[in-house]
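Encoded as structure tokens, the structure appears first; notes follow it.
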Amino acid sequence: MDYRICPVGDCALTIVFGQRIDPEISRIVRNARKYLSRKNIEGVTEYIQTYASLLVHYDAIATGYDELSERLTEELSRMELMEEDGRKRTILIPVCYGGEYGPDLPTVCAHAGFSEEEVIRRHTCKDYLIYMVGFMPGFVYLGGLDKALSTPRLKTPRERLEKGSVGIAGDQTGLYPLASPGGWQIIGRTPLDVYDQNREKPILYEAGEYVHFVSITERRFREIRQQIGDGTYQYEWIAEDEWSREE
37 MDYRICPVGD CALTIVFGQR IDPEISRIVR NARKYLSRKN IEGVTEYIQT
87 YASLLVHYDA IATGYDELSE RLTEELSRME LMEEDGRKRT ILIPVCYGGE
137 YGPDLPTVCA HAGFSEEEVI RRHTCKDYLI YMVGFMPGFV YLGGLDKALS
187 TPRLKTPRER LEKGSVGIAG DQTGLYPLAS PGGWQIIGRT PLDVYDQNRE
237 KPILYEAGEY VHFVSITERR FREIRQQIGD GTYQYEWIAE DEWSREE
């Protein structure tokens, strides 16, 4: 297992495992995060998984860069990569595509040369690996977008995208958990609150899990919003022991 450790300011360092977006590198980073988290290393306050590296925040009073680097190197030398059995924990994300919910769907269709129905079919037939969560709480960087749907970002970003907006930017797809400026091509919107600071677990998912988008009608969108408001909506997961779809 090749890696290098680099300083990031005066209270963080990064463990770099590669230089590309790759499922195998992501698996190594995920393994390292889980393994090191169990070690309760003095001074470490947080591990954050990225595409190909692990960011380690630490208390500079409790430990220093050299001391922590040495400890991490020691621990990683003993880490054995855990084989994953192919089962997935996948959250189903309902999305209302097009219209006011997806103003850029026609742009994606024109760029790809597909009908709206075909773009939606291709976008909803994939299981997307969550490589990392960042930019804002709950924003997912997903792998697995059909390359035929790859569409450049907007030339001029919008000042506001609605909460739950689902978009495409280049070879990636993702969703905005909060209202925000953004330059992604918005093709739909989910009614789910994927981030809620008042929940016990504010973000519904984490790196290493999967997202599967499901097309819904505008009526169903409103129904789900109502159910979330009155506390009766049940978030849908495909449990690991129920998984049967192929990669």
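My numbering numbers the first residue of the sequence shown as 37 and each following residue consecutively. We put the beta carbon where it would ideally sit given N, CA and C, even for glycine.
Open item on the list: So, with DSSP's three-state summary, where would you put L228?
Closed with: coil
key: Q270, enclosing beta strand (DSSP E) - first and last residue   = Run containing Q270: none; DSSP gives neither H nor E here.
- Query: Can you round the beta-carbon distance between R194 and G206 to whole angstroms, since I take them to be within the 8 angstroms contact cut?
  - Reply: Between G206 and R194 the Cβ distance is about 17 angstroms, and since that is not below 8 angstroms, they are no contact.
| query | Under the rule that 16 or more other beta-carbon atoms within 10 Å means buried, what is R225, buried or exposed? | reply | buried
N-terminal and C-terminal residue of the alpha helix (DSSP H) that P59 is part of:
59 to 73
Which residue marks the beginning of the alpha helix (DSSP H) containing T126, and which one marks its end? Not the alpha helix (DSSP H): T126 falls in the beta strand (DSSP E), residues 126 to 133.
Does the beta-carbon of M168 have 16 or more other beta-carbons within 10 angstroms, so that it is buried, or is it exposed?
buried
Go ahead and pull the three-state DSSP assignment for T86. coil
Check your understanding: How many angstroms separate the CA atom of P139 from the CA atom of V202?
Key -> 11 angstroms
What distance in whole Å lies between the Cβ atoms of Y241 and I166, which are believed to be in contact at a cut-off of 8 angstroms?
6 angstroms
Touching by the beta-carbon criterion (3+ pairs, under 8 angstroms), the region 231 to 247 and the region 145 to 155: no
* Could you tell me which residues DSSP puts in a beta bridge with M168? => Y177
- How many angstroms separate the CA atom of K124 from the CA atom of I274? 8 angstroms
| Any idea which residues DSSP pairs I41 with across the strands? | I51
message: With DSSP as the reference, identify every bridge partner of A284, one or two as the case may be.
response: Since the first residue shown for the chain is 37 and the last is 283, residue 284 is missing from the structure and cannot be characterised.
task: Whole angstroms is fine: what's the gap from F249's alpha carbon to R255's?
output: 17 angstroms
Which word fits N76, buried or exposed, when buried means at least 16 other C-beta atoms lie within 10 angstroms of its C-beta? exposed
Minimum Cβ-Cβ distance from E111 to chain D less than 8 angstroms
Absent from the structure is chain D; it holds one protein chain and no more.
(request) Could you tell me which of E78, A215, V131 sits nearest to A98, measuring between CA atoms? (result) E78
Under DSSP, the alpha helix (DSSP H) around S113 begins and ends at which residues?
101 to 114
- prompt: Going by Cα to Cα distance, which pick from Y71, I61, A48 is closest to V80?
  reply: A48
- Message: Tell me which residues share the same chain as T187 and place their Cβ nearer than 6 angstroms to its Cβ, disregarding the 5 neighbours each side in the sequence.
- Response: V144, H147, I204, Q221
In angstroms, rounded to a whole number, what distance separates the CA positions of R40 and H93?
16 angstroms
Can you name, in chain order, every residue of its own chain whose Cβ lies under 6 angstroms from the Cβ of S62, other than the five neighbours on each side? Y167
Could you name the residues of the same chain whose beta carbon sits closer than 6 angstroms to that of D121, not counting the 5 residues immediately before and after it, in chain order?
-> Any reading at D121 needs caution, since the residue's pLDDT is 48, under 50, leaving its predicted position unreliable; the model's value is listed next. No residues qualify anywhere along the chain.
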